[in-house]
Amino acid sequence: MTKTVLTFLAALLCTLVPARAAMTDWVEVHGGAVRLISSGPLQDGRYQAGLEFLMEPGWHTYWRYAGEAGIPPQITVTKSDNVAAFDILYPVPERYDDGFSESIVYHDGIVLPFVITPASAADPARLEIEVFFGICKDICVPGDASLALDFGPEDRDDKLAGRLIQRDLAAVPGAGPADGLGFRSVSFDDAGYLMVETEVAENQEPDLFAAGPEGSFIGLPKLVSHSDGIAVWRLSTKGLATNPDDDQLRFVLTANGSGIELLERVRPEWLQ
């Protein structure tokens with residue numbers, strides 16, 4: 006092979022290979038695997054990345070709050086360079102009933118999108134995280150991984166990673182009403198239940214999830230009635246807690262893979 010051909014191939018490879026890795030290697034755990042991915046260069050001053058879970062058939066992992074059983078993802082930044090803000094987003098989950106308890110889960114594969122804002126857009130950034138999570142089928146096992154990814158303004162687009170991130174970014178609940186979904190009211194009754202009245206378009210099968218402040222251990226909302234575009238849910242406040250840094254109860258109303266979110270401040274009378 007001539008020197009001219011070798012030079013041409015080297016130049017071609019440089020055009021095809023990104024300036025830095027847009028995804029880490031998979032870290033395999035029992036029942037699945039996890040990795041970090043990035044879509045590439047800055048978009049509106051931020052990087053779009055994500056923590057991708059891939060589960061074997063029949064296995065699941067958990068939403069930001071696991072429900073009555075399970076281990077939600079615990080993501081800890083161990084080191085960062087040139088990172089001013091790091092936000093984790095959670096796509097709409099599913100309700101899972103194993104006959105003994107109800108959980109809030111993801112099946113098959115899911116990307117938890119990350120939004121990373123560099124302190125200086127002109128300089129490279131680096132994110133290192135520790136991830137601890139539960140993954141379950143007939144048994145539940147803990148999974149953990151140490152992952153690191155570099156970002157830079159010269160990064161090229163990674164179309165595969167970008168599609169995966171955008172797929173699940175589109176399923177992150179926003180402020181409603183939207184997609185035929187809406188919140189009407191949240192009230193508290195004398196029996197210790199929150200009653201949540203929601204709007205649901207006809208022919209939709211809705212679900213409602215709730216996550217309390219850290220330290221809360223609450224169940225899942227139960228559907229009381231659903232007719233004429235109105236769905237009413239009941240949630241026990243037993244196990245609800247607050248702390249000085251967080252007094253918000255998060256509701257996520259979903260239907261057909263999309264969802265909306267409502268944050269309600271926990272009232273003192275709700276605590277049992």
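Going by the numbering used here, the residue at position 60 of the sequence shown is 65; the numbering climbs one at a time, nothing skipped. Backbone N, C-alpha and C fix where the C-beta goes; we use that ideal spot for every residue, glycine too. All figures in this text were calculated on a predicted structure; none of them were measured in a lab.
- C-alpha of S241 to C-alpha of D212: approximately 16 Å in a straight line.
- Within the same chain, Cβ atoms closer than 8 Å to the Cβ of P77 are found at Y67, W68, R69, Y70, A71, F138 and G139, the five residues on either side in sequence being excluded.
- Nearest neighbour of F193 by Cα position, chosen from I115, K243 and D233, turns out to be K243.
- L276 places its beta carbon less than 9 Å from that of L245.
- Distance from F119 to A54 at the Cβ level is roughly 4 Å; contact confirmed, criterion being Cβ atoms closer than 8 Å.
- Below 8 Å, too few C-beta pairs join the segment 33–46 and the segment 96–112 to call them touching: fewer than three.
- Our two residues, T29 and F156, have alpha carbons roughly 12 Å apart in a direct line.
- Non-local beta-carbon contacts of Y95 in its own chain, meaning distances under 7 Å to residues more than five positions away in sequence, involve W68, R69, L117 and V177 in chain order.
- Taking a contact as a CB-CB distance under 8 Å, the pair E202 and I170 does not count as one, their CB atoms being some 34 Å apart.
- By the 16-neighbour rule on beta-carbons within 10 angstroms, P147 is exposed.
- Around the C-beta of G50, fewer than 16 other C-beta atoms lie within 10 Å, and the residue is accordingly described as exposed.
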